[in-house]
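Read through the structure below, which is laid out as structure tokens, and then see the notes.
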Amino acid sequence: MATKIGIYPSLLRQAGGKTSDIHDRIINVLTALEASIAGRGEPWGDDKIGHQFTQGDNGYLASQEGSTKSGRSMAASFDSFSTSQYRAADTLERTDRNNPFGKP
1 MATKIGIYPS
11 LLRQAGGKTS
21 DIHDRIINVL
31 TALEASIAGR
41 GEPWGDDKIG
51 HQFTQGDNGY
61 LASQEGSTKS
71 GRSMAASFDS
81 FSTSQYRAAD
91 TLERTDRNNP
101 FGKP
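The sequence shown begins at 1 in the UniProt record's numbering and counts up one residue at a time.
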């Protein structure tokens, strides 16, 4: 069994930054996608076929809303992960500073 462990808060903070970048990229993709979709209007038309395509639980509009909601939820998860990584680095650093010799 190991008697020492290595703690690298700086590396954990780097990981937190990269995780935050993933959050930002997801948000950028969603924003661009929403703008592109909004710019196209309603190309399916206002006839019976257009309504069949867009309406209902399995229609385009419900699918679009579900996909956007899932993407935003994924981005929020990465934001939370990043925050937790930064907090963990702070906690590890504070613990090491307050107890440098590993005494109970």
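We put the beta carbon where it would ideally sit given N, CA and C, even for glycine. All values reported here derive from a predicted model rather than from experimental measurement.
Endpoints, alpha helix (DSSP H) assigned at residue i
i	result
Phe-78	60-98
Lys-4	Taken as a continuous stretch (DSSP letters only), Lys-4 belongs to no alpha helix (DSSP H), as it is neither H nor E.
Arg-13	9-39
Phe-101	Per DSSP, Phe-101 belongs to no alpha helix (DSSP H) and is neither H nor E.
Gln-52	48-54
Alpha carbon of residue i to alpha carbon of residue j, nearest angstrom
i	j	result
Arg-97	Gly-16	21 Å
Gly-45	Gly-66	22 Å
Arg-40	Thr-31	15 Å
Gly-59	Ser-10	47 Å
Thr-95	Ser-63	47 Å
Ile-26	Gly-56	27 Å
6 Å Cβ shell around residue i - same chain, five flanking residues per side excluded
i	result
Tyr-8	none
Buried or exposed by the 16-neighbour rule on C-beta atoms within 10 Å, applied to residue i
i	result
Phe-101	exposed
Gln-85	buried
Thr-19	buried
Ser-82	buried
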